[in-house]
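First up is the structure itself, then whatever we jot down about it.
Numbering (full-length UniProt numbering), first residue to last: 1 to 334.
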(Lines of atoms letter the chains of each structure in order from A and count residues from 1; the text may use other names and numbers.)
(Lines give C-alpha, C1' and ligand atoms only; values in the text may rest on other atoms or scores of the structure.)
Protein backbone atom coordinates (compact mmCIF):
# COMPACT_ATOMS: atom_id res chain seq x y z
CA UNK A 1 0.00 0.00 0.00
CA UNK A 2 1.42 3.39 -1.03
CA UNK A 3 0.91 6.11 1.59
CA UNK A 4 2.26 9.66 1.47
CA UNK A 5 1.92 12.43 4.00
CA UNK A 6 2.21 16.20 4.02
CA UNK A 7 3.41 17.87 0.81
CA UNK A 8 3.89 14.50 -0.86
CA UNK A 9 0.23 13.65 -0.41
CA UNK A 10 -0.86 16.97 -1.89
CA UNK A 11 1.41 16.48 -4.87
CA UNK A 12 0.12 12.96 -5.39
CA UNK A 13 -3.48 14.17 -5.29
CA UNK A 14 -2.57 16.86 -7.79
CA UNK A 15 -1.12 14.26 -10.12
CA UNK A 16 -4.10 11.92 -9.95
CA UNK A 17 -6.62 14.72 -10.26
CA UNK A 18 -4.76 15.70 -13.40
CA UNK A 19 -7.20 17.59 -15.66
CA UNK A 20 -6.59 18.51 -19.27
CA UNK A 21 -9.03 21.35 -19.90
CA UNK A 22 -8.00 22.66 -23.31
CA UNK A 23 -7.46 19.59 -25.49
CA UNK A 24 -8.90 19.90 -28.99
CA UNK A 25 -9.42 17.05 -31.42
CA UNK A 26 -10.09 17.81 -35.08
CA UNK A 27 -13.43 16.53 -36.37
CA UNK A 28 -14.23 17.80 -39.85
CA UNK A 29 -13.92 21.58 -39.56
CA UNK A 30 -15.05 21.69 -35.96
CA UNK A 31 -13.24 21.02 -32.73
CA UNK A 32 -14.39 18.83 -29.89
CA UNK A 33 -13.42 20.11 -26.48
CA UNK A 34 -12.74 17.72 -23.62
CA UNK A 35 -13.51 19.46 -20.36
CA UNK A 36 -11.99 16.75 -18.15
CA UNK A 37 -9.78 13.85 -19.16
CA UNK A 38 -8.78 11.47 -16.38
CA UNK A 39 -5.45 9.71 -16.07
CA UNK A 40 -7.24 6.35 -16.10
CA UNK A 41 -8.45 7.11 -19.64
CA UNK A 42 -4.91 7.64 -20.85
CA UNK A 43 -3.74 4.44 -19.18
CA UNK A 44 -6.61 2.58 -20.81
CA UNK A 45 -5.58 3.80 -24.26
CA UNK A 46 -2.02 2.63 -23.68
CA UNK A 47 -3.32 -0.77 -22.59
CA UNK A 48 -5.47 -1.00 -25.73
CA UNK A 49 -2.44 -0.22 -27.86
CA UNK A 50 -0.30 -2.86 -26.14
CA UNK A 51 -2.95 -5.57 -26.10
CA UNK A 52 -4.52 -5.04 -29.51
CA UNK A 53 -7.97 -6.06 -28.31
CA UNK A 54 -10.54 -5.06 -25.71
CA UNK A 55 -10.48 -8.45 -23.97
CA UNK A 56 -6.71 -8.53 -23.55
CA UNK A 57 -6.60 -4.88 -22.48
CA UNK A 58 -9.11 -5.73 -19.74
CA UNK A 59 -6.72 -8.44 -18.52
CA UNK A 60 -3.83 -5.97 -18.47
CA UNK A 61 -5.86 -3.53 -16.39
CA UNK A 62 -7.35 -6.20 -14.10
CA UNK A 63 -10.93 -5.21 -14.88
CA UNK A 64 -13.78 -7.04 -16.56
CA UNK A 65 -14.31 -6.57 -20.28
CA UNK A 66 -17.78 -5.12 -19.66
CA UNK A 67 -16.39 -2.56 -17.19
CA UNK A 68 -13.73 -1.51 -19.68
CA UNK A 69 -16.31 -1.22 -22.48
CA UNK A 70 -18.47 0.97 -20.23
CA UNK A 71 -15.50 3.23 -19.41
CA UNK A 72 -14.66 3.65 -23.10
CA UNK A 73 -18.26 4.35 -24.11
CA UNK A 74 -18.48 6.96 -21.36
CA UNK A 75 -15.30 8.62 -22.62
CA UNK A 76 -16.51 8.56 -26.24
CA UNK A 77 -19.82 10.11 -25.19
CA UNK A 78 -17.94 12.77 -23.28
CA UNK A 79 -15.80 13.80 -26.24
CA UNK A 80 -18.45 13.13 -28.88
CA UNK A 81 -16.42 10.88 -31.17
CA UNK A 82 -15.25 7.29 -31.51
CA UNK A 83 -11.77 6.40 -30.33
CA UNK A 84 -11.33 3.13 -32.22
CA UNK A 85 -13.03 1.01 -34.84
CA UNK A 86 -15.09 -1.86 -33.46
CA UNK A 87 -14.59 -5.41 -34.74
CA UNK A 88 -11.06 -4.85 -36.05
CA UNK A 89 -8.24 -7.28 -35.32
CA UNK A 90 -5.90 -5.90 -34.19
CA UNK A 91 -7.75 -2.91 -32.83
CA UNK A 92 -7.49 0.22 -35.03
CA UNK A 93 -7.61 3.71 -33.50
CA UNK A 94 -9.48 6.54 -35.22
CA UNK A 95 -7.60 9.78 -35.91
CA UNK A 96 -9.09 11.26 -32.73
CA UNK A 97 -8.15 8.16 -30.77
CA UNK A 98 -4.62 8.38 -32.14
CA UNK A 99 -4.40 11.99 -30.95
CA UNK A 100 -5.31 10.94 -27.42
CA UNK A 101 -2.97 7.95 -27.64
CA UNK A 102 -0.09 10.26 -28.53
CA UNK A 103 -1.00 12.39 -25.54
CA UNK A 104 -1.01 9.31 -23.29
CA UNK A 105 2.45 8.33 -24.55
CA UNK A 106 3.72 11.74 -23.49
CA UNK A 107 1.86 12.27 -20.21
CA UNK A 108 1.83 8.86 -18.51
CA UNK A 109 5.65 8.44 -18.45
CA UNK A 110 5.93 11.90 -16.88
CA UNK A 111 3.39 10.99 -14.20
CA UNK A 112 5.20 7.74 -13.46
CA UNK A 113 8.52 9.57 -13.22
CA UNK A 114 7.09 11.93 -10.61
CA UNK A 115 5.56 9.00 -8.73
CA UNK A 116 8.93 7.29 -8.66
CA UNK A 117 10.55 10.46 -7.38
CA UNK A 118 7.98 10.66 -4.61
CA UNK A 119 8.64 7.06 -3.64
CA UNK A 120 12.37 7.73 -3.45
CA UNK A 121 11.72 10.57 -1.03
CA UNK A 122 9.40 8.46 1.08
CA UNK A 123 12.06 6.42 2.84
CA UNK A 124 9.68 4.10 4.68
CA UNK A 125 7.86 2.94 1.52
CA UNK A 126 9.43 0.24 -0.65
CA UNK A 127 8.22 -1.13 -3.97
CA UNK A 128 7.87 -4.79 -4.93
CA UNK A 129 7.30 -5.43 -8.65
CA UNK A 130 5.66 -8.81 -9.32
CA UNK A 131 5.46 -10.59 -12.67
CA UNK A 132 3.54 -13.71 -13.65
CA UNK A 133 3.96 -16.18 -16.51
CA UNK A 134 0.60 -17.78 -15.84
CA UNK A 135 -2.80 -16.49 -16.96
CA UNK A 136 -4.61 -18.67 -14.41
CA UNK A 137 -2.57 -17.62 -11.36
CA UNK A 138 -4.83 -14.74 -10.37
CA UNK A 139 -7.23 -17.12 -8.61
CA UNK A 140 -4.81 -17.65 -5.74
CA UNK A 141 -2.37 -14.75 -6.15
CA UNK A 142 -4.79 -11.82 -5.83
CA UNK A 143 -6.17 -12.97 -2.45
CA UNK A 144 -2.59 -13.25 -1.17
CA UNK A 145 -1.86 -9.72 -2.38
CA UNK A 146 -5.00 -8.39 -0.70
CA UNK A 147 -4.03 -10.10 2.56
CA UNK A 148 -0.49 -8.71 2.34
CA UNK A 149 -1.75 -5.18 1.69
CA UNK A 150 -3.86 -5.41 4.82
CA UNK A 151 -0.83 -6.36 6.90
CA UNK A 152 2.02 -4.36 5.36
CA UNK A 153 1.73 -0.59 5.03
CA UNK A 154 5.35 0.06 4.08
CA UNK A 155 5.53 -1.98 0.85
CA UNK A 156 3.89 -0.97 -2.43
CA UNK A 157 3.02 -4.04 -4.54
CA UNK A 158 3.05 -3.43 -8.28
CA UNK A 159 1.56 -6.36 -10.21
CA UNK A 160 2.69 -6.44 -13.82
CA UNK A 161 -0.43 -7.20 -15.82
CA UNK A 162 1.19 -7.87 -19.16
CA UNK A 163 1.83 -11.47 -20.09
CA UNK A 164 5.56 -11.91 -19.78
CA UNK A 165 7.35 -13.77 -22.57
CA UNK A 166 10.79 -13.24 -20.98
CA UNK A 167 10.14 -13.07 -17.26
CA UNK A 168 13.59 -14.35 -16.28
CA UNK A 169 15.18 -11.72 -18.49
CA UNK A 170 13.07 -9.05 -16.79
CA UNK A 171 14.29 -10.30 -13.42
CA UNK A 172 17.91 -10.20 -14.53
CA UNK A 173 17.43 -6.69 -15.90
CA UNK A 174 15.88 -5.75 -12.52
CA UNK A 175 12.60 -4.72 -14.17
CA UNK A 176 10.95 -7.22 -11.79
CA UNK A 177 11.59 -8.17 -8.18
CA UNK A 178 9.56 -11.39 -8.16
CA UNK A 179 8.38 -13.77 -10.88
CA UNK A 180 5.92 -16.65 -10.60
CA UNK A 181 6.88 -19.29 -13.17
CA UNK A 182 6.86 -23.05 -13.75
CA UNK A 183 10.33 -22.90 -15.35
CA UNK A 184 13.52 -23.15 -13.35
CA UNK A 185 16.39 -21.84 -15.43
CA UNK A 186 20.00 -21.92 -14.30
CA UNK A 187 20.94 -18.35 -13.43
CA UNK A 188 23.77 -17.46 -11.10
CA UNK A 189 22.13 -14.46 -9.50
CA UNK A 190 18.57 -15.76 -9.07
CA UNK A 191 16.98 -17.70 -6.23
CA UNK A 192 14.02 -20.06 -6.63
CA UNK A 193 11.51 -20.95 -3.95
CA UNK A 194 8.98 -23.73 -4.55
CA UNK A 195 5.35 -22.65 -4.18
CA UNK A 196 3.77 -26.02 -4.95
CA UNK A 197 2.84 -28.38 -7.76
CA UNK A 198 -0.17 -28.60 -10.06
CA UNK A 199 -1.43 -30.89 -12.80
CA UNK A 200 -2.05 -29.69 -16.34
CA UNK A 201 -5.27 -31.33 -17.53
CA UNK A 202 -7.32 -31.36 -20.72
CA UNK A 203 -10.91 -30.16 -20.45
CA UNK A 204 -13.72 -30.78 -22.92
CA UNK A 205 -17.50 -30.68 -23.20
CA UNK A 206 -19.36 -33.78 -21.92
CA UNK A 207 -20.47 -34.60 -25.47
CA UNK A 208 -16.92 -34.45 -26.90
CA UNK A 209 -15.60 -37.66 -28.47
CA UNK A 210 -12.65 -37.66 -26.04
CA UNK A 211 -14.89 -37.60 -22.96
CA UNK A 212 -14.99 -41.40 -22.81
CA UNK A 213 -11.22 -41.87 -22.98
CA UNK A 214 -9.48 -42.93 -19.73
CA UNK A 215 -6.71 -40.42 -20.48
CA UNK A 216 -5.51 -38.32 -23.41
CA UNK A 217 -2.68 -39.22 -25.78
CA UNK A 218 -0.97 -36.65 -28.06
CA UNK A 219 -2.48 -38.16 -31.22
CA UNK A 220 -5.98 -37.67 -29.78
CA UNK A 221 -5.65 -33.94 -30.47
CA UNK A 222 -4.83 -34.20 -34.18
CA UNK A 223 -8.38 -33.27 -35.22
CA UNK A 224 -9.24 -31.00 -32.28
CA UNK A 225 -9.42 -27.22 -31.96
CA UNK A 226 -7.12 -26.35 -29.06
CA UNK A 227 -7.94 -23.18 -27.14
CA UNK A 228 -4.83 -21.55 -25.69
CA UNK A 229 -3.79 -18.33 -24.01
CA UNK A 230 -2.12 -15.69 -26.26
CA UNK A 231 1.38 -16.99 -25.55
CA UNK A 232 3.97 -18.25 -28.07
CA UNK A 233 3.24 -21.95 -28.62
CA UNK A 234 6.82 -22.86 -27.78
CA UNK A 235 6.24 -21.62 -24.22
CA UNK A 236 3.02 -23.59 -23.63
CA UNK A 237 3.47 -26.83 -21.67
CA UNK A 238 0.82 -28.61 -23.73
CA UNK A 239 3.06 -28.15 -26.78
CA UNK A 240 6.60 -28.43 -25.46
CA UNK A 241 5.98 -31.20 -22.92
CA UNK A 242 3.15 -33.18 -24.51
CA UNK A 243 2.61 -32.63 -28.24
CA UNK A 244 6.06 -31.77 -29.56
CA UNK A 245 7.89 -34.78 -28.01
CA UNK A 246 5.36 -37.00 -29.83
CA UNK A 247 5.65 -34.89 -33.01
CA UNK A 248 1.93 -34.17 -32.96
CA UNK A 249 -0.03 -31.01 -33.68
CA UNK A 250 -3.66 -30.17 -32.92
CA UNK A 251 -6.10 -29.73 -35.76
CA UNK A 252 -6.20 -25.97 -35.13
CA UNK A 253 -5.35 -23.42 -32.45
CA UNK A 254 -7.45 -20.49 -31.24
CA UNK A 255 -6.18 -18.00 -28.67
CA UNK A 256 -8.45 -16.79 -25.87
CA UNK A 257 -7.15 -14.24 -23.36
CA UNK A 258 -9.69 -14.74 -20.58
CA UNK A 259 -9.83 -17.99 -18.55
CA UNK A 260 -13.56 -17.76 -17.85
CA UNK A 261 -14.38 -17.19 -21.51
CA UNK A 262 -12.11 -20.08 -22.49
CA UNK A 263 -13.86 -22.53 -20.15
CA UNK A 264 -17.30 -21.41 -21.28
CA UNK A 265 -16.25 -21.94 -24.90
CA UNK A 266 -15.08 -25.45 -24.00
CA UNK A 267 -18.38 -26.17 -22.24
CA UNK A 268 -20.19 -25.06 -25.40
CA UNK A 269 -18.22 -27.55 -27.49
CA UNK A 270 -16.12 -24.90 -29.27
CA UNK A 271 -12.81 -26.60 -28.54
CA UNK A 272 -10.69 -28.27 -25.87
CA UNK A 273 -8.14 -26.63 -23.56
CA UNK A 274 -5.17 -27.56 -21.38
CA UNK A 275 -5.38 -25.71 -18.06
CA UNK A 276 -4.21 -26.10 -14.44
CA UNK A 277 -6.39 -28.50 -12.48
CA UNK A 278 -7.33 -25.87 -9.88
CA UNK A 279 -9.03 -23.76 -12.52
CA UNK A 280 -11.72 -26.29 -13.46
CA UNK A 281 -12.82 -27.86 -10.18
CA UNK A 282 -16.13 -26.00 -9.96
CA UNK A 283 -16.93 -26.76 -13.61
CA UNK A 284 -16.09 -30.43 -13.03
CA UNK A 285 -18.26 -30.66 -9.90
CA UNK A 286 -21.19 -29.17 -11.81
CA UNK A 287 -20.56 -31.62 -14.67
CA UNK A 288 -20.24 -28.73 -17.11
CA UNK A 289 -16.86 -30.02 -18.26
CA UNK A 290 -15.05 -33.34 -18.44
CA UNK A 291 -11.48 -33.34 -17.10
CA UNK A 292 -8.88 -35.82 -18.37
CA UNK A 293 -5.24 -36.43 -17.50
CA UNK A 294 -2.60 -35.91 -20.17
CA UNK A 295 -1.01 -39.35 -20.75
CA UNK A 296 -1.49 -42.22 -18.36
CA UNK A 297 0.78 -40.74 -15.69
CA UNK A 298 -0.51 -37.17 -15.97
CA UNK A 299 1.46 -33.99 -16.67
CA UNK A 300 2.56 -32.33 -13.43
CA UNK A 301 4.37 -29.02 -13.18
CA UNK A 302 6.09 -27.21 -10.30
CA UNK A 303 5.43 -23.58 -9.52
CA UNK A 304 8.28 -21.35 -8.38
CA UNK A 305 8.84 -17.87 -7.07
CA UNK A 306 12.02 -16.56 -8.71
CA UNK A 307 13.79 -13.50 -7.35
CA UNK A 308 17.15 -11.83 -6.88
CA UNK A 309 18.70 -12.76 -3.50
CA UNK A 310 18.99 -9.12 -2.46
CA UNK A 311 15.19 -8.82 -2.55
CA UNK A 312 14.66 -11.63 -0.06
CA UNK A 313 14.00 -9.25 2.82
CA UNK A 314 11.05 -7.73 0.95
CA UNK A 315 9.63 -11.19 0.22
CA UNK A 316 9.94 -12.63 3.71
CA UNK A 317 6.40 -11.63 4.69
CA UNK A 318 4.78 -12.10 1.27
CA UNK A 319 5.85 -15.56 0.09
CA UNK A 320 4.44 -17.46 3.10
CA UNK A 321 1.03 -15.93 2.34
CA UNK A 322 1.34 -17.01 -1.29
CA UNK A 323 2.30 -20.57 -0.32
CA UNK A 324 -0.61 -20.85 2.09
CA UNK A 325 -3.13 -19.54 -0.44
CA UNK A 326 -1.85 -21.97 -3.06
CA UNK A 327 -1.91 -24.88 -0.60
CA UNK A 328 -5.47 -24.01 0.45
CA UNK A 329 -6.53 -23.88 -3.19
CA UNK A 330 -5.00 -27.25 -4.00
CA UNK A 331 -6.59 -28.76 -0.88
CA UNK A 332 -9.98 -27.36 -1.89
CA UNK A 333 -10.32 -25.19 1.21
CA UNK A 334 -10.28 -21.76 -0.47
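All C-beta atoms in this analysis are idealised placements derived from N, C-alpha and C, irrespective of residue type, glycine included.
Within a 10 Å sphere around the beta-carbon of residue 41 sit 16 or more other beta-carbons, which makes this residue buried. Separation of the CB atoms of residue 83 and residue 76 is rounded to 6 Å, and the pair is thereby assigned contact status at 8 Å.
Take the alpha-carbon of residue 182 and the one of residue 80: they are about 47 Å apart. Straight across, the Cα-Cα distance linking residue 245 with residue 256 is about 24 Å. The C-beta separation of residue 132 from residue 142 comes to about 11 Å, leaving the pair out of contact by the 8 Å criterion. Contact annotation: residue 224 and residue 176 have beta-carbon atoms that are not nearer than 8 Å. Per DSSP, the continuous alpha helix (DSSP H) segment holding residue 77 begins and ends at 65-79. One alpha carbon belongs to residue 262, the other to residue 229, and they sit about 9 Å apart.
With at least 16 other beta carbons inside 10 angstroms of its own, residue 292 counts as buried. If you check the CB distance, residue 321 and residue 126 do not come in under 8 Å. Burial is judged here by how many other beta carbons sit within 10 angstroms of a residue's own beta carbon; residue 300 has fewer than 16 and is exposed. Counting only runs of 4+ residues, the alpha helix (DSSP H) found wholly inside the region 209-275 occupies 259-267, in chain order.
According to the DSSP secondary-structure assignment, residue 128 is paired through a beta bridge with 157. Collapsing the DSSP output to three states places residue 50 in a helix.
The Cβ atoms of residue 259 and residue 135 sit closer than 8 Å to each other.
In the structure shown, the three-state DSSP call for residue 302 is strand.
Here residue 276 is buried, its C-beta having at least 16 other C-beta atoms within 10 Å. Sequence-distant Cβ neighbours of residue 265 in its own chain, meaning closer than 7 Å and more than five residues away, are 227, 256 and 271.
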